[in-house]
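> In my numbering, the protein residues as written are 30 to 132.
Glycine included, every Cβ here is placed at the ideal spot set by N, Cα and C.
None of the values given here were measured: they were computed from a predicted structure.
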């Protein structure tokens with residue numbers, strides 16, 4: 030796996046953008062005639078967080094938004110060659126919004 034990340038942190042804002050690449054990889058060696066592989070994948074994830082600079086009712090509040098698998102990548106398993114897939118998994122993009130209150 031390899032991939033760069035870009036970060037920004039200033040004025041209560043924290044942001045991250047991450048790219049991840051993984052080459053095709055061997056899944057099993059149980060059967061020499063039917064070698065199973067997972068195909069290569071590319072994923073982009075992001076997050077942004079903002080801490081409100083003034084206390085709200087005596088508490089510190091942070092708002093956050095995280096996005097996973099923004100490229101809507103699917104995982105594909107195949108036998109011997111990518112032309113013969115035997116499993117495809119797709120979980121879609123995922124967005125999570127959160128509010129953190131520290132008191």
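How far does the beta strand (DSSP E) with residue 96 in it reach, from first residue to last?
Run containing residue 96: 89 to 97, per the beta strand (DSSP E) assignment.
> Whole angstroms is fine: what's the gap from residue 51's alpha carbon to residue 121's?
Between residue 51 and residue 121, the C-alpha separation is close to 18 Å.
> Excluding the 5 residues preceding and the 5 following residue 69 in the sequence, name in chain order all residues of the same chain whose CB lies nearer than 6 Å to its CB.
Closer than 6 Å at the Cβ level, and outside the excluded window around residue 69, lie 52 and 53.
> Go to residue 79, then tell me how far its beta strand (DSSP E) extends in each direction, as first and last residue.
Looking at the DSSP string, the run of the beta strand (DSSP E) that includes residue 79 is 70 to 80.
> Could you check if residue 126 is buried or exposed, using at least 16 other CB atoms within 10 Å of its CB as the buried criterion?
Burial call: exposed.
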